[in-house]
Amino acid sequence: MRSKTMRSKTILISEPQGATGELQFDNAKPYFPYMWAILKSYWERHGDESAGYEWLEPIWRNDAPNVLLDPYRGTEIGVLGLSCYTWNWEIQCELAREVKELNPDCLVVAGGPEPDYKDPEFFAKHPYIDAVAIKDGEITFREILVKAARGDRDFSDIGGLYLPGGEGGTMVFTGPPEVPTEFEHSPYLDQAAYYDRLVAEHGSDAFEVIMETNRGCPYGCSFCDWGSNTNSKVRRFGMDRVAAEIDWLGHLRIESVMLADANFGILPRDLEIADKFNEARDDHEGYPKYIFYSAAKNNPDRAIAIAMKFAKSGICTVHSLSVQHTNKEVLAATARKNISADKQVQVVKHMMDAHVPVEVQLIQGIPGDTYDMWKGCLADLMEWGIHEDYLIQAYRLLPNAPAGERAFLEEWQVETIDRITYDLTTREIDETRRDVFRKPERILASTKSYTREDWVRTSAYSAFIKALHNSSATQRVATYLRLTHGVPYRDFYESLLEDPDVRTPLLREWQLKVLDHYQYFLTHDDASDHIRVDELPSLAYTLHPSRWLYIQVCLHLERFYEELKDSLLKRYPEVANLASVIDYQRDIVIMPDYDREAGKVITTEFDWPGYFEQARVRDGSQPLLDEPAPMDGAVFQAVDRVSGERPTVRDGVRIGGFYGEPLEWGTGDLGERWATWVQRVAIGRSSAGMHNHKEFKVLRPQP
109 MRSKTMRSKT ILISEPQGAT GELQFDNAKP YFPYMWAILK SYWERHGDES AGYEWLEPIW
169 RNDAPNVLLD PYRGTEIGVL GLSCYTWNWE IQCELAREVK ELNPDCLVVA GGPEPDYKDP
229 EFFAKHPYID AVAIKDGEIT FREILVKAAR GDRDFSDIGG LYLPGGEGGT MVFTGPPEVP
289 TEFEHSPYLD QAAYYDRLVA EHGSDAFEVI METNRGCPYG CSFCDWGSNT NSKVRRFGMD
349 RVAAEIDWLG HLRIESVMLA DANFGILPRD LEIADKFNEA RDDHEGYPKY IFYSAAKNNP
409 DRAIAIAMKF AKSGICTVHS LSVQHTNKEV LAATARKNIS ADKQVQVVKH MMDAHVPVEV
469 QLIQGIPGDT YDMWKGCLAD LMEWGIHEDY LIQAYRLLPN APAGERAFLE EWQVETIDRI
529 TYDLTTREID ETRRDVFRKP ERILASTKSY TREDWVRTSA YSAFIKALHN SSATQRVATY
589 LRLTHGVPYR DFYESLLEDP DVRTPLLREW QLKVLDHYQY FLTHDDASDH IRVDELPSLA
649 YTLHPSRWLY IQVCLHLERF YEELKDSLLK RYPEVANLAS VIDYQRDIVI MPDYDREAGK
709 VITTEFDWPG YFEQARVRDG SQPLLDEPAP MDGAVFQAVD RVSGERPTVR DGVRIGGFYG
769 EPLEWGTGDL GERWATWVQR VAIGRSSAGM HNHKEFKVLR PQP
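All residue numbers for the sequence shown refer to the working numbering, where the first residue is 109 and numbers rise by one.
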């Protein structure tokens, strides 16, 4: 690329998002387009106004490329900027291809974590892309625009680019990029007029917002391209900017904010930022309603303080821990040994005492892991007192993460499969759109530490733990055996799932189904990671195996608990109150016949609600609990109205958190009620707060 006069000076930034919808986990609503604002604002403040560029409104929806380009028909696009992620890479490539066909002189620049610039054949595979910008893009993109406006397409003197034209058809790297060090001005506020139009057209409740308060990550975990691609230094945004953005979000009545900081709480000032969010809620009638963030890993005191601020206000009612694994050898193998598990445990204990549920992010299939170590990891979490939710992701090989380096792949003898996977909940089945322009993710299927057969067994074991323990089909039983009778959680679940003398007929049947499912997923390129619920033909979508399993428990509720009781009484004959706790566990499962106006009456001979309130703040290191207090003929009434991880009280009314749903199923036929129940209970967070009754009042005996 040398001298080429620009025929058009229109700039189009494309940042299509993942599929959105009410049944999605991460993408219930689209986010405000952010990269467009970053690049446009930086140009307007630091670029050459005389260049005469016209910035078109960005592409931000999720749709077929030809549909996304319809608003720009008849407009000659001079520069196309692509913000590329796994979920939009195929769309971006098709967009670039079509734009290039219409205007061969269009300059196409790709950025973001997805372009595989380490591949020497990248530009041969993607001839419609002229340059790849790495790391922060503001300065690099400005320099490109300055030169392009002069008709100069020799970008070899601009750092931070991969360009075609190397020897033998390879690429040229222009050297490290210049990255911003000051972030005093807000792209959102600079482009506020555009966002005001979006809100006026679609409503403020139609969008979520991604927000930064800093950039950078001091860690270099091999599975992640964050720390390696942003350098280790954390660069702070100006506090005036941060405060103004938070107030602006409240003013717009934005419901949910995704904080994009790698480690919120790593800086002392993050406490002040947490206060700013809560102040905005006070000033703007409760907006923003919710915040999601990645907590700092190595500063437990600050992480706890922030979590408590958010929990008290109700803006974030679950604390998320980025653990990935509990085994030190596995963590060291993935360059994560500088993140302390002990410090994470400190946070857990405080959250338990404060009644704040904890969810844990885990990666299954880390090189160095084994089936045995993985079972130990899940058991460790239970022993720490974490039972609410394990957010388990298969190890995905990101192209520009350290794990994508040839040396790493060869050292660990990595074998991968390419599969189209979905988020942690469900996707509706729509054959006309399913998998269209969706890039398969590269999943580790085996390494020198585990085989493909191990991967299948590990995946199935994870699904059962999420269904039985997180969803609390057996969590109360396991907790009672652990805290009063000293039965380790691992022993309980290994017996239940692997001992043929303990495993029930239903569990064996479901186990074969799930193992076959994962074996098929491993060996067939067109396989889905979800399962259809054949018993509910009106259900319009498939489910992750863990959720499929939980629904099976509920569809076969009486038989499941009868078999469970028969099996466990033989396994633990000395446990006098085992039958009672199994009955209690069955009775508190929320089912589609529950009437939230009338509640549900539960009869028991022991104070199980009181017992499990004590157990909630216990871990496996503490002395054993006494048996529950006898309450012969006691009658409890479950009065739950909303499912949720931690209902908050607002104006005297108990309201569920972000994941809370009203426990009502309508007046339709049984199939319709089951379908609504699935949406409101079975595919929520895998917390017992979703799946079990937890609000009780004593009817008898009277105090």
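Glycine residues also receive a C-beta, built at the ideal position from the N, C-alpha and C atoms. As the structure is a computational prediction, the values presented were derived from the model and not from experiment.
query                                                                                                                                                                     : result
How about F291 and G346: do their beta carbons lie closer than 8 Å?                                                                                                       : yes
Just how far apart, CA to CA, sit E671 and L665?                                                                                                                          : 10 Å
Look at S285 and I242 and say whether their C-beta atoms are less than 8 Å apart.                                                                                         : Per the sequence presented here, residue 285 reads as Pro, with Ser not at that position. Yes, these two residues count as a Cβ contact at 8 Å.
What do you get for L677, buried or exposed, if any count of 16 or more other CB atoms within 10 angstroms of its CB means buried?                                        : exposed
Can you look up M114 in the DSSP assignment and give me helix, strand or coil?                                                                                            : coil
Within 8 Å, do at least three Cβ pairs link the region 609-626 to the region 742-752?                                                                                     : no
Tell me which residues share the same chain as E246 and place their Cβ nearer than 7 Å to its Cβ, disregarding the 5 neighbours each side in the sequence.                : I146, L147, Y150 and P288
When DSSP labels each residue in this structure, what does P272 get in the three-state scheme?                                                                            : strand
Buried or exposed, going by whether 16 or more other CB atoms sit within 10 Å of the CB of Q125?                                                                          : buried
Can you tell me the Cα-Cα spacing of L576 and R584, whole angstroms?                                                                                                      : 10 Å
Could you compute how far the alpha carbon of L367 sits from the alpha carbon of R514?                                                                                    : 33 Å
Is it buried or exposed, S264, if we count other Cβ atoms within 10 angstroms and call 16 or more buried?                                                                 : exposed
What residue range is occupied by the uninterrupted alpha helix (DSSP H) comprising Y302?                                                                                 : A300 to H310
Going by DSSP in three states, D759 sits in which element: helix, strand or coil?                                                                                         : Low confidence applies here, because D759 scores a pLDDT of 49, under 50, leaving its location unreliable and the question unanswered by this model.
Taking the alpha carbon of E491 as the point to measure from, which residue in R724, F230, L210 and M739 has its own alpha carbon closest?                                : R724
Does DSSP put E539 in a helix, a strand or coil?                                                                                                                          : At E539, the pLDDT of 40 sits below 50, so the modelled position is not reliable and the matter cannot be decided from this model.
Excluding the five sequence neighbours on either side, which residues of its own chain have a C-beta within less than 8 Å of the C-beta of D538, listed in chain order?   : For D538, the pLDDT reaches just 46, beneath the cut-off of 50, and the residue's location in the model is therefore unreliable, although a value from the coordinates is still provided. None.
Quick one: residues in its chain with C-beta nearer than 6 Å to the C-beta of A581, no 5 flanking neighbours on either side, listed in chain order?                       : V661
Less than 8 Å between the CB atoms is what I'm expecting for P700 and W785, so what's the real figure, rounded?                                                           : 4 Å
With 16 other CB atoms within 10 Å as the buried threshold, where does P295 fall?                                                                                         : buried
Between I185, K436 and E162, which lies nearest to C485 when the distance is taken from Cα to Cα?                                                                         : K436
For a minimum of 4 consecutive residues, which ranges assigned as the alpha helix (DSSP H) are wholly contained in the region 161-204?                                    : 173-177
Can you tell me the Cβ-Cβ gap for T650 and H632, rounded? I've got them flagged as a contact below 8 Å.                                                                   : About 15 Å separates the two Cβ atoms, so there is no contact after all.
May I have the straight-line CA-CA distance separating A301 from W163, to the nearest angstrom?                                                                           : 14 Å
Applying the 10 Å Cβ sphere with the 16-neighbour rule, what's the burial state of R754?                                                                                  : Legend: pLDDT at R754 = 49, less than 50; position of this residue unreliable, value from coordinates given subsequently. R754 is buried by the Cβ-count criterion.
So, helix, strand or coil for G797, using DSSP?                                                                                                                           : helix
Does DSSP classify Y669 as helix, strand or coil?                                                                                                                         : helix
Drop a sphere of 10 angstroms on the beta-carbon of L489, count the other beta-carbons inside from all chains shown, and report buried for 16 or more, exposed for fewer. : buried
Taking V278 as part of the alpha helix (DSSP H), name the residues at either end of that continuous run.                                                                  : Note that residue 278 is Thr in the sequence shown here, rather than Val. First-last for T278: undefined, no H or E at that position.
What distance in whole Å lies between the Cβ atoms of P475 and S557, which are believed to be in contact at a cut-off of 8 Å?                                             : 6 Å
Looking at the structure shown, is I447 part of a helix, part of a strand, or coil, going by DSSP?                                                                        : coil
What separation, rounded to the nearest whole angstrom, lies between the Cα atoms of D480 and A790?                                                                       : 29 Å
How many Å lie between R319 and F385 at the Cα?                                                                                                                           : It should be pointed out that residue 319 corresponds to Met in this sequence rather than to Arg. Whole-angstrom Cα-Cα distance: 12 Å.
Please classify Q54 as buried or exposed, where buried requires at least 16 neighbouring CB atoms within 10 angstroms.                                                    : Lying before the first or after the last residue shown, residue 54 is absent from the chain, which here runs from 109 to 811.
Using the C-alpha atoms, what's the distance from E152 back to F231?                                                                                                      : 30 Å
Pull up the CB-CB distance for G422 and A388, whole angstroms please, since I reckon it's below 8 Å.                                                                      : G422 to A388, Cβ: 13 Å. No contact.
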